[in-house]
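Undergrad: A single structure is presented below for examination.
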Amino acid sequence: MSQTTEPTADGVPPHRYTPALAQQIELAWQDRWEAEGTFHTPNPVGPLSEGFDRVADRPKAFVMDMFPYPSGAGLHVGHPLGYLGTDVTSRFLRMDGRNVLHPMGYDAFGLPAEQFAVQTGQHPRVTTEANIAAISAQLRRLGVDHDTRRTFATIDPGYYKWTQWIFRQVFEAWFDPETDRARPITELVTELDAGTRQPAPGTLPEGQSWAELSPVERRRVVDAHRLAYRHSAPVNWCPGLGTVLSNEEVTADGRSERGNFPVFRRPLTQWMMRITAYAERLIDDLDRLDWSDSLKQMQRNWIGRSTGARVRFPVSGETVEVFTTRPDTLFGATYLVLAPEHPLVEALTADVWPDGADPRWTAGAATPAEAVEAYQLQASRRSELERQTEGRDKTGVWLGVTATNPLTQRQLPVFIADYVLTGYGTGAIMAVPGEDTRDWEFAQVLGLPVVRTVQPPADFDGGAYTGTGPMINSSNEQLSLDGLDKATAIATVTEWLVANGCGEATTTYKLRDWLFSRQRYWGEPFPIVYDADDLPVAVPDSMLPVLLPEVDDYSPKTFADDDADSQPEPPLSRATEWTTVTLDLGEGPQEYRRETNTMPNWAGSCWYYLRYTDPTNDQQFVDPELERYWMGPREPGDVGGVDLYVGGVEHAVLHLLYARFWHKVLFDLGHVSSEEPFRRLVNQGYISAYAYTDSRGFPVPAADVVERDGQFLYEGQPVHREYGKMGKSLKNVVTPDEMIAMYGADTFRVYEMSTGPLDQSRPWETKAVVGSARLLARIWRVVVDEETGEVRAGDVEPDDDTSRALHRAIEAVRDGMTTLRFNIAIARITELTNHLTQAFPPGTAVPRSVAESLVLLVAPLAPHLAEELWSRLGHAGSVAWAQFPVAEDRWLVDDTVEVAVQVNGKVRAQVAVPADADAATLEAAARADEKVVAQLEGKTVRRVIAVPGRLVNFVVG
RNA sequence: GGGCAAGUGGCGGAAUGGCAGACGCGCACGGUUCAGGUCCGUGUGUCCGAGAGGACGUGGGGGUUCAAGUCCCCCCUUGCCCA
1 MSQTTEPTAD
11 GVPPHRYTPA
21 LAQQIELAWQ
31 DRWEAEGTFH
41 TPNPVGPLSE
51 GFDRVADRPK
61 AFVMDMFPYP
71 SGAGLHVGHP
81 LGYLGTDVTS
91 RFLRMDGRNV
101 LHPMGYDAFG
111 LPAEQFAVQT
121 GQHPRVTTEA
131 NIAAISAQLR
141 RLGVDHDTRR
151 TFATIDPGYY
161 KWTQWIFRQV
171 FEAWFDPETD
181 RARPITELVT
191 ELDAGTRQPA
201 PGTLPEGQSW
211 AELSPVERRR
221 VVDAHRLAYR
231 HSAPVNWCPG
241 LGTVLSNEEV
251 TADGRSERGN
261 FPVFRRPLTQ
271 WMMRITAYAE
281 RLIDDLDRLD
291 WSDSLKQMQR
301 NWIGRSTGAR
311 VRFPVSGETV
321 EVFTTRPDTL
331 FGATYLVLAP
341 EHPLVEALTA
351 DVWPDGADPR
361 WTAGAATPAE
371 AVEAYQLQAS
381 RRSELERQTE
391 GRDKTGVWLG
401 VTATNPLTQR
411 QLPVFIADYV
421 LTGYGTGAIM
431 AVPGEDTRDW
441 EFAQVLGLPV
451 VRTVQPPADF
461 DGGAYTGTGP
471 MINSSNEQLS
481 LDGLDKATAI
491 ATVTEWLVAN
501 GCGEATTTYK
511 LRDWLFSRQR
521 YWGEPFPIVY
531 DADDLPVAVP
541 DSMLPVLLPE
551 VDDYSPKTFA
561 DDDADSQPEP
571 PLSRATEWTT
581 VTLDLGEGPQ
591 EYRRETNTMP
601 NWAGSCWYYL
611 RYTDPTNDQQ
621 FVDPELERYW
631 MGPREPGDVG
641 GVDLYVGGVE
651 HAVLHLLYAR
661 FWHKVLFDLG
671 HVSSEEPFRR
681 LVNQGYISAY
691 AYTDSRGFPV
701 PAADVVERDG
711 QFLYEGQPVH
721 REYGKMGKSL
731 KNVVTPDEMI
741 AMYGADTFRV
751 YEMSTGPLDQ
761 SRPWETKAVV
771 GSARLLARIW
781 RVVVDEETGE
791 VRAGDVEPDD
801 DTSRALHRAI
811 EAVRDGMTTL
821 RFNIAIARIT
831 ELTNHLTQAF
841 PPGTAVPRSV
851 AESLVLLVAP
861 LAPHLAEELW
871 SRLGHAGSVA
881 WAQFPVAEDR
891 WLVDDTVEVA
901 VQVNGKVRAQ
911 VAVPADADAA
921 TLEAAARADE
931 KVVAQLEGKT
941 VRRVIAVPGR
951 LVNFVVG
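Given below as structure tokens:
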């Protein structure tokens, strides 16, 4: 924006694109963008609709990142990779004629700020807001095109008011299995009152009907139907953190994801969300999304659908229902196993051991009841994870009774064993030791019979055979599965079970309901109070937000890591002036007790994308018209959603599953028109870095390591090179600030985008950044004379070679931009630049049309440089709103092409032919080439393949 | 153990089944420069050959095809997810 005219002390031309000039240009344009509101995205209606006329005829594009947690450490060069990917995309789409929404916000509730607050006494809001300010300054300096009017943090009361409102919607809804969707809870009450619907199984008190219940009992029944409900069940209690955790927050070895403290299963009353009701839709709708296959697979695995059958076994007057994924092996079932906690255990247990009871089955107890009691106690001390661990010695005791196999009439002894879990399937299994490893191990320990029903290969000498093969030993008078394959056998036996009333096909899921309450301070308070009956009541919308109260002590009560019997005590429970409140909820002023748990960290990120579309609305969580405009389906059957969502793969199951669940609830209740939140999702790669350790194994500062003759040296001493995540502990952090100071933001942007496709991880290499700086300096030199500062663009027509180079570059750059392979876009821009540097040496005029196109091509990648050159080329408006070049077809094809001539697949010659030459012409031209003649001499040509525009291949014998 | 993804020069990486290694880094040589940790140019897969040229070459093995980095099967290695 300003011309440097200082003389040069060091031989550098006065108007060269140096880092100092880049800095100056970048800061000036960032100020101008802000002053002019260049990146303000107009909404069709409402307070942000100013300027919509300008974009009314454009298709919309909603592009966003997973918003960051504002950590105090700031950003290193790995963080902006995704942010720059969406920035280049949004700038490209704006230039290509879209109305682009590219916002950014902060996911600001969470543990680190709270833990810092506990240590320092500083309110978490203070540190969090300081961190937000620091990160936004870093983002601004990168030159990203966020509409900052739409920026918010999840801790803003104006935002979490609506997080609470959505919780209320979930609380005030139930899932109707008949229509497979959520409905308002009031409709359930109406149907129950009218007798047109029965309460869900297990929700009524034993032996009573809805009509007989008292009002309080009825409320308990209704509460048990809600999508957000309180439930006493074994949950993950983490004494070290003083809070409960969701399954998703517990690692495979039974510790907390944050802090790595031991986690115990304990029955506690907690808020749950009924995500399991949506398991089927969450799996099925993956097929309608533009996500990577691996990511979809992770979600499928997490939800864990397995299809199989429920089979009913009569046992001494009762019926035990088992779930199996292998009903085809029913002929091989030789015993049953119930989870030790199975509700029928007590009723089934025999009074005395039958005569001749196997001592291995009785655990030496005098009676079955004694054995069962001892075993149940032992099992309760084991974690669920421990119980599932393979290879552990199998244990169990007999109940003293037998069940009848409906196919064979064989009597099957019934056991309890801790390898069967209550939470999965029906909590009972039919054991098929011939085809199941765990059943085999159990059968070996207890001396139980094995019947093989799948033919193993001849050389199979193992125990359980879990592979495929034809069915054997599987027939009775009515039914034979022998010889069938697995799928046919499953279908056949399931049909028989249904016909004989012994079972039916069914589907189960591994997914559990979402544990939604935490005993923490720094989270959204629940919009819930408890009345005199100790039942939950939602705080009405008019009283939202329920503000987080000020407290003296932010810490939950924590306990010794291994104190499994400790009780949760949330920090808010100590804010006694806040916890008790008098409200008039329609029955006159009454005293209520507030919920003192807070929502989990994931709540705020479940719907933030919706708020970007209407960030200032204080009447609704989002204006339906704005949701339809930015998120709505494009055609009937389309799921809608954000057009491009970029973020780390670490959120593959947690955030992405929770957000999809909330979105579907909001869809069912009619609050949004889109069925899914994120239409297209891309996981950006990671940037890792080399780290160096000295002879003692300690990391040394990576920046000070030098390479000499393939050896790495630090202060003259050889060091060992390792490769890992960028971080303080490895002393290998590089920050964007350092890179910007060294080269400017544009160079940093181009370098990050040039090292590979967006979804690929790559190592950071500071010394390679200079390549991007050189490219931008060459582009500058094409437009600006380094010596005089004059613009080199002149009114000359480009020659044909230049036109072809330009239009090929345009075509390839567009392709790279739309497929997020910015590296190939940059490679083609480099080729074009190199061509122009050669074709138009300093002192000659560069065709204006070509120079301008080059600037437009690079504008999404290096926006400040492009703005400066665009303005020097005489344009008043921002290049961000200029039209992105469109390739002309006539320049994409050559008049003549070089075609490879192969003999038996090996390239032997090149011939030039007209681009539109047909196969015959190609062959004739190839045969006329002297090298080809020499190759074919004395040989029989058996076949000729000529592909127009590609090659000719002679197959000779 | 199961599932998914990926293995291409010294490095990051290109390549609708059709001339492997685009583009960049690094390196070598040359030029500019008082100087170079500047800039510009040329070269750079491996082996043989002075050269022209030739042979080999995309983790390993097999297959499909006129033609395979690309498609299929088996194996090895690495990464991620789930156990």
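Quick note: the first sequence uses my numbering, first residue 1, plus one each step.
Even for Gly, the Cβ is constructed at its ideal location relative to N, Cα and C.
Do you know offhand how far Arg821's Cα is from Thr196's?
TA: Roughly 57 Å separates the two Cα atoms.
Undergrad: What does the alpha-carbon distance come out to for the pair Gln3 and Gly789?
TA: Below a pLDDT of 50, predicted positions are generally treated as unreliable, and Gln3, at 41, falls in that range; no measurement from the model is reported.
Undergrad: Provide the residue span of the beta strand (DSSP E) that contains Asp65, from first to last.
TA: Where Asp65 is concerned, the enclosing beta strand (DSSP E) stretches over Lys60 to Asp65.
Undergrad: Give the single residue among Thr802, Ile824 and Val782 whose Cα lies nearest to the Cα of Thr755.
TA: Here the closest residue by C-alpha is Ile824.
Undergrad: Can you grab the Cα-Cα spacing for the pair Tyr958 / Thr579, in whole Å?
TA: In the structure displayed, the chain extends from 1 to 957; residue 958 sits before or after that span and is not available.
Undergrad: Ignoring anything shorter than 4 residues, give me the alpha helix (DSSP H) runs that lie fully in the segment 833 to 877, in order along the chain.
TA: Those alpha helix (DSSP H) runs which fall completely within the segment 833 to 877 and span 4+ residues are 848 to 858 and 863 to 872.
Undergrad: What separation, rounded to the nearest whole angstrom, lies between the Cα atoms of His102 and Gln198?
TA: Between His102 and Gln198, the C-alpha separation is close to 48 Å.
Undergrad: How about Ser674 and Gly641: are their beta carbons less than 7 Å apart?
TA: Yes, they are a contact pair.
Undergrad: Helix or strand or just coil, what does DSSP make of Glu898?
TA: Glu898 falls in the strand class under three-state DSSP.
Undergrad: So, with DSSP's three-state summary, where would you put Thr507?
TA: DSSP places Thr507 in strand when its eight states are reduced to three.
Undergrad: When DSSP builds the beta bridges, which residues end up paired with Asp176?
TA: DSSP, once it has assigned bridges, lists Arg181 as partnering Asp176.
Undergrad: First and last residue of the beta strand (DSSP E) that includes Pro47?
TA: Segment: none, Pro47 is in no beta strand (DSSP E) and carries neither H nor E.
Undergrad: Just how far apart, CA to CA, sit Ser232 and Gln519?
TA: Each residue's alpha carbon lies about 16 Å from the other.
Undergrad: Do Asn473 and Thr453 come within 7 Å of each other at the CB atom, strictly closer than that value?
TA: Result yes, Cβ atoms of Thr453 and Asn473 sit closer than 7 Å.
Undergrad: For Arg660 and Pro177, I'd like the C-alpha separation in whole angstroms.
TA: Spanning the two alpha carbons is a distance of roughly 19 Å.
Undergrad: For Met430 versus Val322, is the C-beta spacing smaller than 7 Å?
TA: Contact flag set, yes.
Undergrad: Please name the residue in Pro633, Trp607, Glu635 and Arg281 whose C-alpha comes closest to that of Val622.
TA: It is Trp607 whose Cα lies nearest to the Cα of Val622.
Undergrad: CB-CB under 6 Å to Pro13, same chain, minus the five flanking residues each way: which ones, in chain order?
TA: Counting only Cβ-Cβ distances below 6 Å, and skipping sequence neighbours, we find Glu786 and Glu787.
Undergrad: Alpha carbon to alpha carbon, how far is Gln23 from Thr735?
TA: The straight-line gap from Cα to Cα measures roughly 16 Å.
Undergrad: Using a Cβ-Cβ cut-off of 6 Å (strictly less than) and excluding sequence neighbours within five positions of Ser803, which residues of its own chain qualify?
TA: Only Trp891 meet the Cβ criterion.
Undergrad: Does the structure place the segment 239 to 251 close enough to the segment 558 to 570 that three or more beta carbon pairs sit under 8 Å?
TA: The segment 558 to 570, when compared against the segment 239 to 251, does touch it at the 8 Å Cβ threshold.
Undergrad: Within a Cβ cutoff of 7 Å, which residues of the same chain sit near Tyr714, ignoring the five residues on either side of it in sequence?
TA: For Tyr714, where only same-chain residues beyond five positions count, the Cβ hits under 7 Å are Tyr692, Asp694, Val700, Asp704 and Val705.
Undergrad: Tell me the residue span of the alpha helix (DSSP H) that contains Pro19.
TA: First-last of the alpha helix (DSSP H) with Pro19: Pro19 to Glu36.
Undergrad: Skipping 5 residues on each side, what residues in its chain have a beta carbon closer than 6 Å to that of Glu868?
TA: The answer, listed in chain order, is Ile25.
Undergrad: Specify, as a first and last residue, the run of the alpha helix (DSSP H) that Met631 falls within.
TA: Taken as a continuous stretch (DSSP letters only), the alpha helix (DSSP H) holding Met631 covers Pro624 to Met631.
Undergrad: Return the Cβ separation of Thr837 and Leu854 in integer angstroms, given the expectation that the two are a contact with Cβ distance under 8 Å.
TA: Contact doesn't hold; Cβ gap of about 11 Å is too wide.
Undergrad: Within the segment 710 to 770, note down every full beta strand (DSSP E) run reaching 3 residues or more, in order along the chain.
TA: With a minimum length of 3 residues, the continuous beta strand (DSSP E) runs that stay inside the segment 710 to 770 are 711 to 714 and 720 to 725.
Undergrad: Please look up how many angstroms separate the CB atoms of Tyr335 and Leu448, rounded, as I've assumed it's under 8 Å.
TA: At roughly 5 Å, the Cβ-Cβ gap stays under 8 Å, so Tyr335 and Leu448 are in contact.
Undergrad: Could you check if Pro841 is buried or exposed, using at least 16 other CB atoms within 10 Å of its CB as the buried criterion?
TA: Exposed: under 16 other Cβ atoms inside 10 Å.
Undergrad: Rounded to whole angstroms, what's the CA-CA distance from Val897 to Leu776? Just pull it up for me.
TA: Cα to Cα, the separation comes out at about 32 Å.
Undergrad: Spatial neighbours of Arg593 within its chain, please: CB distance less than 7 Å, with the 5 preceding and 5 following residues excluded, ordered by chain position.
TA: Answer for Arg593: Val529, Tyr530, Thr579 and Thr580, listed in chain order.
Undergrad: What's the call for Ala9, buried or exposed, on a 16-neighbour Cβ count within 10 Å?
TA: Because Ala9 carries a pLDDT of 45, less than 50, the predicted location of this residue cannot be relied on, and the following value inherits that uncertainty. When all chains shown are included, Ala9 counts as exposed.
Undergrad: If distances are taken between C-alpha atoms only, which option among Gly356, Pro359, Glu341 and Trp398 comes closest to Leu377?
TA: Comparing Cα positions, the closest option is Glu341.
Undergrad: Assign Ser214 to buried or exposed, taking buried as 16 or more other Cβ atoms, counted over all protein chains shown, within 10 Å of its Cβ.
TA: By the neighbour-count rule (16 or more Cβ atoms within 10 Å), Ser214 is not buried but exposed.
Undergrad: Could you spell out the range, first to last residue, of the beta strand (DSSP E) harbouring Asp553?
TA: Neither: Asp553 is in no beta strand (DSSP E) and is coded neither H nor E.
Undergrad: I need the straight-line Cα distance from Asp328 to Arg300, nearest angstrom please.
TA: Going from the Cα of Asp328 to the Cα of Arg300 covers about 24 Å.
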